[in-house]
Structures are given as structure tokens and as C-alpha cells.
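As C-alpha cells, the structure follows; a few thoughts come after it.
There are 2 protein chains.
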Amino acid sequence: MNRYSKQTRLLLAIDCIIFGFDGNDIKLLLVKRSLEPEKGKWNLMGGFLRADENLKECANRVLKQLTGIEGVYLEQLRTFSKPDRDPVERTVSVSYFALIDINKYEKQLNHEYSAEWFLLAEKPKLIFDHDEMVKLAQKQLRYKASLHPILFELLPEKFTIPQLQGLYEGVYDTSFENRNFSRKVLSTGLLMKQKEKDKINSKKGAFFYKLDKKKYKANFQAFLNFIPNPDKFIM
Amino acid sequence: MNRYSKQTRLLLAIDCIIFGFDGNDIKLLLVKRSLEPEKGKWNLMGGFLRADENLKECANRVLKQLTGIEGVYLEQLRTFSKPDRDPVERTVSVSYFALIDINKYEKQLNHEYSAEWFLLAEKPKLIFDHDEMVKLAQKQLRYKASLHPILFELLPEKFTIPQLQGLYEGVYDTSFENRNFSRKVLSTGLLMKQKEKDKINSKKGAFFYKLDKKKYKANFQAFLNFIPNPDKFIM
DNA sequence: TCTATAAATGTGTTTTGTACATTTAAAAAC
DNA sequence: GTTTTTAAATGTACAAAACACATTTATAGA
Numbered sequence: 005m006n007r008y009s010k011q012t013r014l015l016l017a018i019d020c021i022i023f024g025f026d027g028n029d030i031k032l033l034l035v036k037r038s039l040e041p042e043k044g045k046w047n048l049m050g051g052f053l054r055a056d057e058n059l060k061e062c063a064n065r066v067l068k069q070l071t072g073i074e075g076v077y078l079e080q081l082r083t084f085s086k087p088d089r090d091p092v093e094r095t096v097s098v099s100y101f102a103l104i105d106i107n108k109y110e111k112q113l114n115h116e117y118s119a120e121w122f123l124l125a126e127k128p129k130l131i132f133d134h135d136e137m138v139k140l141a142q143k144q145l146r147y148k149a150s151l152h153p154i155l156f157e158l159l160p161e162k163f164t165i166p167q168l169q170g171l172y173e174g175v176y177d178t179s180f181e182n183r184n185f186s187r188k189v190l191s192t193g194l195l196m197k198q199k200e201k202d203k204i205n206s207k208k209g210a211f212f213y214k215l216d217k218k219k220y221k222a223n224f225q226a227f228l229n230f231i232p233n234p235d236k237f238i239m
Numbered sequence: 005m006n007r008y009s010k011q012t013r014l015l016l017a018i019d020c021i022i023f024g025f026d027g028n029d030i031k032l033l034l035v036k037r038s039l040e041p042e043k044g045k046w047n048l049m050g051g052f053l054r055a056d057e058n059l060k061e062c063a064n065r066v067l068k069q070l071t072g073i074e075g076v077y078l079e080q081l082r083t084f085s086k087p088d089r090d091p092v093e094r095t096v097s098v099s100y101f102a103l104i105d106i107n108k109y110e111k112q113l114n115h116e117y118s119a120e121w122f123l124l125a126e127k128p129k130l131i132f133d134h135d136e137m138v139k140l141a142q143k144q145l146r147y148k149a150s151l152h153p154i155l156f157e158l159l160p161e162k163f164t165i166p167q168l169q170g171l172y173e174g175v176y177d178t179s180f181e182n183r184n185f186s187r188k189v190l191s192t193g194l195l196m197k198q199k200e201k202d203k204i205n206s207k208k209g210a211f212f213y214k215l216d217k218k219k220y221k222a223n224f225q226a227f228l229n230f231i232p233n234p235d236k237f238i239m
């Protein structure tokens with residue numbers, strides 16, 4: 005079959021905005037650019053789309069290659085297409101945002117890869133339009149987390165309710181009333197109480213909970229209305 | 005500056021899922037494909053990205069060219085990238101979804117362009133992955149409309165509350181209690197009551213309302229929690 | 001045994017959602 | 001001109017959820 009004639013062909017890339025949570029703050033995983041221009045500067049994890057893969061496969065491949073990470077929460081965000089966004093040549097980039105359990109990958113990242121975690125608040129300036137991508141991803145994180153239980157993706161398998169509350173407070177940069185927070189969280193039916201307690205943060209200790217993954221998948225809507233007055237935060 | 009070497013270059017296209025509302029049902033605007041393969045079959049409005057434009061400009065250009073429509077609600081949906089989605093050659097397509105006031109363009113569409121409205125429920129099978137795009141757009145329409153007042157984009161400047169309710173009932177394929185619907189709608193503060201009534205649909209007549217556009221923009225969140233139990237509908 | 005601390009739970013008030021009922025305006029029929 | 005019919009508009013009571021604040025509980029360490 006003939007090709008479409010007289011049309012512009014261009015490069016398509018993906019860039020990943022990867023969020024983690026260290027127990028206190030939201031972090032962002034960045035790498036150093038390996039080629040000119042802007043070589044050595046911090047940027048999002050990215051790569052070009054290959055002939056035989058779709059975008060999601062591409063994002064997973066890049067993630068695996070540059071960090072060893074696989075099987076994490078990955079969601080297409082938006083496609084960025086300003087004609088001059090990459091000075092080398094026309095490249096359109098599809099941004100993906102990822103949520104990972106920071107502890108699970110901490111060691112391998114430091115030893116085997118040149119990726120590095122930054123406090124979101126203290127991230128360096130990034131190349132091209134990557135700052136814009138991060139900004140959008142942050143907005144999307146707040147938006148989505150106000151409607152769906154995605155923040156569990158940032159926590160280890162076992163976590164306590166005070167830890168979960170701290171995460172929400174970090175994401176929304178506010179504080180919640182603990183009585184109401186735990187009531188709401190437990191009313192979703194998504195949490196399974198464990199017998200052990202976490203005694204690191206208090207004398208009394210806080211019970212661990214696990215996410216009920218079946219219910220999580222079947223009931224991804226359970227957090228609708230989770231954040232009080234989400235309009236304060238999400239736009 | 006050199007180009008990136010050894011990377012695959014490909015075509016980038018946009019496709020628009022255009023929704024309208026005829027007073028009773030949601031409709032979809034389609035065109036006939038003008039080139040082989042699949043020539044003459046119905047498909048979404050689309051076109052290739054040019055060297056000097058970004059995707060949004062491309063979508064607006066295509067819309068203008070094929071329908072004369074401009075200045076309507078247009079939102080990037082998702083980028084579709086299966087390697088073989090277009091049999092001619094590798095083409096990645098960015099889908100956009102648009103909402104328009106059907107009455108505003110009805111005449112020009114029929115006379116000057118070959119575009120045609122279909123009842124969403126009775127749309128023909130579309131080419132490539134366009135059916136999948138429409139499905140996603142429908143989902144997004146419900147999702148977004150449960151949180152933001154976007155459905156006004158489908159109505160004429162003046163509309164009545166019963167008309168608005170009919171629109172919501174069409175989109176969510178359900179019925180709402182009229183007392184509660186009007187209370188909720190009016191409590192957003194987004195509507196301005198007019199002096200005239202619409203007497204087409206009843207003897208008593210229903211008051212026209214206009215959207216307060218300043219408030220609409222400033223308060224795009226006003227519909228958060230608008231749809232009761234949105235989880236029933238949006239996923 | 002006492003003290004300090006964070007976790008967990010109790011409870012009253014306010015707000016919002018929901019269901020159902022009634023009243024109102026105006027054209028058309030009588 | 002009075003009555004009937006119809007959909008629009010409004011009234012209201014009950015239930016559920018959100019919210020604010022208070023109290024109790026478990027446990028390590030003094």
C-alpha cells in the first residue's frame with residue numbers, strides 16, 4: 005500500500021513524571037540528560053517511540069531500562085507538541101505519570117542507575133518543556149487522588165492510617181481532622197486491618213492496614229468525594 | 005544542529021469526536037473518508053499535524069476546514085498508538101473531543117460540508133480504531149460532566165431548566181427528580197434567570213436561563229458532586 | 001507506678017441529599 | 001368566562017454525610 009504523500013513525519017517520544025513518597029514529602033525521580041544539547045542537565049525519564057511498540061509499551065520499556073522499575077501505576081497524561089519544544093528536531097512528546105513505592109526501589113536506583121529522587125519542592129529546573137509537564141502531573145495527581153484511591157500506589161504494602169493521612173496532607177498541602185479522615189477511609193471498605201502495629205512513630209503504636217486489592221480494582225470509585233471541598237485544590 | 009540519529013519518524017494525526025445535542029439525544033458528527041483505503045466509509049474528522057503547528061492548532065484547523073466550526077469546546081483526550089492502527093503507514097493519532105451547540109451550525113453543515121450528525125446510539129461502524137475513540141470520549145463526557153459544567157457547551161445561549169435536565173438525563177441515560185435537579189443547578193449560582201419563557205414545551209412555559217460566563221470560568225468546579233452517585237455512571 | 005504522646009473512638013451540630021407532595025401559570029376545551 | 005389539562009415551580013420532612021470538637025486508650029520510658 006502506498007504511503008500518505010506530502011505529509012510531515014516526525015519523532016514521537018514519551019516522558020515520565022515519576023512520583024514517590026518518603027513518608028514526609030512527595031518526591032520526583034529525575035535523570036541526567038545523556039546527549040547534547042543540554043547534556044548533563046536534569047530531565048524527565050524519556051525515550052523515542054520505536055516502530056514495533058505502542059506508547060504504553062514504550063513508557064514501560066524506558067522505565068525498565070533507566071530504573072529497573074516495572075509493573076507500576078502508569079497513566080497517559082497529555083501530548084506536548086509545540087513545534088520548537090525540542091531544538092534538535094521536531095519531536096512530539098507524550099507524557100506519562102507514574103506512582104511508585106519509593107522504598108521498593110531505593111537501593112537499586114542509587115547503585116545501578118543514575119536516577120535521583122528530588123523533593124518536589126526543591127527540584128532543579130528541567131530542560132525543554134519538562135517543567136510544564138511536571139506542573140500538569142502535579143495537578144493531575146491532586147485531581148485524580150481526590151476522586152480515586154491512587155495514592156496507595158505510593159505506599160508500601162502495609163501502612164498505618166496516620167501514615168496515609170500524612171500522605172494526603174502532603175499531596176494537598178493541608179491538614180485533615182484525624183477522626184473524620186479515618187472514618188472516611190475506613191468507610192470505603194478498601195482497607196484490611198492487620199494484627200501488627202507500627203511502633204516507630206508512637207508509644208501506643210498504630211495498626212497496620214493492607215489494601216484489599218480486589219476491592220480496590222472493583223471499586224476504583226470508592227473515593228469519589230473523598231477530599232472535602234476538592235475545588236480548593238485541584239484546579 | 006544535528007538530528008537524532010537512528011530513530012523512527014512517523015506521521016502524527018488528530019481525530020475529533022464531536023458531540024451535539026438535538027434537544028432529545030446526544031449526536032455525533034461524522035464525515036466520509038475521502039481517500040483509500042476505506043474510502044467512502046464514515047470516520048471521525050481528522051487530519052495530519054503540520055510542521056508549523058501544535059496539536060490544538062491542528063485540531064482547530066481541521067474542524068474549521070471540514071465543518072466551518074470555530075471557537076468551540078475542545079479538549080485533548082488520549083493519544084492512540086497501536087503500530088498497525090492505520091494500514092497505510094505508521095500513524096499515531098491524538099484524539100480530541102469537542103462539544104458544540106448543534107443548532108448554531110446545522111444549516112452550514114448540511115449545505116457546505118459533507119459532515120453528518122448521527123444519533124450516538126445509531127452511529128455506523130467507523131474505520132480503524134475510531135470506534136474505540138468514540139467509546140472513550142463518551143466515558144470522558146460522563147466523567148467530566150459529573151464534575152464540571154461542560155454540558156452547557158451543548159446548549160444554545162438561552163435554555164430552560166427542564167431542557168438542561170433532559171440533557172443530563174440523556175448523557176447519563178437515567179432520570180432525575182426535578183425538584184432536586186433544579187435546586188442543585190440553581191445553587192451553583194451559574195445561571196441567570198431571564199424574563200422570557202419558552203412556551204414550546206408546555207402551557208405554563210419554562211423560564212429561560214443564561215449561563216453566567218464569568219462565574220462559569222471562575223467557578224469551573226461548581227458542579228463537583230453534581231451527579232448523585234457518579235460511580236454508577238462514569239467508569 | 002506515673003507520665004507523656006500519639007492513636008483511636010465518641011458525639012452533637014450543621015449541611016446536603018433524597019423522596020414525595022403541593023401549588024402555580026397559562027393554553028385549550030368547553 | 002369558566003373549567004380542564006399539563007408541565008413548571010416550589011414546599012417540606014426525613015435520612016445521610018460532613019464537620020468540629022472532646023474523650024478515652026495503649027504503651028514506652030521516666
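Line order of the protein sequences matches chains A and B. Residue numbering for the first sequence is 5 to 239, as defined by our numbering. Residue numbering for the second sequence is 5 to 239, as defined by our numbering. Glycine residues also receive a C-beta, built at the ideal position from the N, C-alpha and C atoms.
**Request:** For phenylalanine 23 of chain B, go through chain A and note every residue whose CB falls closer than 8 Å to its CB, in chain order.
**Result:** Those within 8 Å of phenylalanine 23 of chain B in chain A number zero; the least Cβ separation is about 20 Å.
**Request:** Whole angstroms is fine: what's the gap from asparagine 207 of chain B's alpha carbon to aspartate 105 of chain B's?
**Result:** Looking at the sequence provided, one finds lysine at residue 207 of chain B rather than asparagine. Lysine 207 of chain B and aspartate 105 of chain B: Cα-Cα distance of roughly 26 Å.
**Request:** For lysine 218 of chain A, count neighbouring C-beta atoms within 10 Å of its own C-beta (all shown protein chains included) and say buried if the count is 16 or more, exposed if not.
**Result:** exposed
**Min CB distance proline 166 of chain B to chain A below 8 Å** = no
**Prompt:** Per DSSP, which one or two residues make a beta bridge with glutamate 57 of chain A?
**Reply:** Within the DSSP secondary-structure output, glutamate 57 of chain A pairs in no beta bridge.
**Request:** Count the C-beta pairs between the segment 58 to 75 of chain B and the segment 138 to 155 of chain B that are closer than 8 Å, then say yes if the count reaches three, no if not.
**Result:** In this structure the segment 58 to 75 of chain B does not touch the segment 138 to 155 of chain B; the number of beta carbon pairs closer than 8 Å is below three.
**Prompt:** When burial is assigned at 16 or more other CB atoms within 10 Å of the CB, is aspartate 177 of chain A buried or exposed?
**Reply:** exposed
**Residue(s) in a DSSP beta bridge with cysteine 20 of chain A** = A:Met49 and A:Tyr100
**Beta-bridge pairing of arginine 37 of chain A - partner residues as DSSP gives them** = In DSSP, arginine 37 of chain A forms no bridge with anything.
**Item:** isoleucine 30 of chain B, DSSP secondary structure in three states
**Value:** strand
**Message:** Can you find the residues in the same chain that come closer than 7 Å, C-beta to C-beta, to methionine 239 of chain B, ignoring five residues on each side of it along the sequence?
**Reply:** Per-residue confidence for methionine 239 of chain B stands at a pLDDT of 40, beneath the threshold of 50, marking its modelled position as unreliable; the derived number appears in the next sentence. When the five nearest sequence neighbours on each side are left out, no beta carbon in the same chain lies closer than 7 Å to the beta carbon of methionine 239 of chain B.
**Prompt:** the segment 80 to 95 of chain B: which residues have C-beta closer than 8 Å to a C-beta of chain A, in chain order?
**Reply:** Gln80, Arg82, Thr83, Ser85, Lys86, Pro87, Pro91, Val92, Glu93, Arg94 and Thr95
**Request:** Would you mind sorting asparagine 205 of chain A into buried or exposed? The rule is 16 or more other CB atoms within 10 Å of its CB.
**Result:** exposed
**Asked** So which residues of chain B does valine 98 of chain A contact, with C-beta pairs closer than 7 Å?
**Response** By Cβ distance, chain B contributes Thr83.
**Asked** Whose CA, out of B:Glu157, B:Ala149, B:Ile21 and B:Pro87, lies closest to the CA of phenylalanine 122 of chain B?
**Response** B:Ile21
**Request:** With 8 Å as the limit, tell me which residues of the segment 44 to 59 of chain B have their beta carbon closer than that to any beta carbon of chain A; keep them in chain order.
**Result:** Phe52, Leu53, Arg54, Ala55, Asp56, Glu57, Asn58 and Leu59
**Request:** Kindly indicate which residue of A:Val92, A:Leu194, A:Ile131 and A:Asp26 has the alpha-carbon position closest to the one of tyrosine 109 of chain A.
**Result:** A:Asp26
**Request:** Starting from glutamine 11 of chain A, find everything on chain B with Cβ-Cβ shorter than 8 Å and list it in chain order.
**Result:** Leu15 and Phe52
**Message:** Less than 7 Å between C-beta atoms, sequence neighbours within five positions excluded: which residues of the same chain meet that for glutamate 79 of chain A?
**Reply:** Tyr100 and Phe101
**Message:** Does the CB of arginine 7 of chain B have a neighbour CB from chain A at under 8 Å?
**Reply:** Judged by the 8 Å Cβ criterion, arginine 7 of chain B is in contact with chain A.
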